[in-house]
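Quick note on this note's numbering: the sequence shown kicks off at 2 and runs consecutively.
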Amino acid sequence: MNTKRIKLPYGISNFKRLVRDNYYYIDKTKYIEQIENNPEPYIFFLRPRRFGKSLFVSQLRYYYG
Numbered sequence: 002m003n004t005k006r007i008k009l010p011y012g013i014s015n016f017k018r019l020v021r022d023n024y025y026y027i028d029k030t031k032y033i034e035q036i037e038n039n040p041e042p043y044i045f046f047l048r049p050r051r052f053g054k055s056l057f058v059s060q061l062r063y064y065y066g
């Protein structure tokens, strides 16, 4: 039996490192369009601790950078 372990990005908030080191990631780019189409000047991310807020902001940085 050959099983491959999935690398989970627990505690990683840098998107570049996540991609470079081949961590498992659920793509959230569909939310970028929702953010761009939002007429409000500020965006409020309401999520519990350790739910990927910093990682998503890092992803936005590399998406627009």
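Ideal Cβ placement from N, Cα and C applies to all residues, glycine included.
For residue i, the three-state DSSP class (helix, strand or coil)
{"i": "LYS31", "result": "helix"}
{"i": "PHE57", "result": "helix"}
{"i": "GLU41", "result": "coil"}
{"i": "TYR26", "result": "coil"}
{"i": "ILE36", "result": "helix"}
{"i": "LEU47", "result": "coil"}
{"i": "PRO19", "result": "In the sequence under discussion, the amino acid at residue 19 is Leu, which differs from the Pro named in the question. Of the three classes helix, strand and coil, the one that applies to LEU19 here is helix, per DSSP."}
{"i": "ARG62", "result": "helix"}
Under 8 angstroms between C-beta atoms of residue i and residue j
{"i": "PRO10", "j": "TYR25", "result": "yes"}
{"i": "LYS29", "j": "PHE57", "result": "yes"}
{"i": "PHE46", "j": "LYS54", "result": "yes"}
{"i": "SER59", "j": "ASN3", "result": "no"}
{"i": "ASN23", "j": "LYS5", "result": "no"}
Residue closest to residue i, alpha-carbon to alpha-carbon, out of the options
{"i": "TYR64", "options": "TYR32, GLY53, GLY12", "result": "TYR32"}
{"i": "PHE52", "options": "GLU37, ILE36, ILE27", "result": "ILE27"}
{"i": "LEU61", "options": "LYS8, ILE36, ILE7", "result": "ILE36"}
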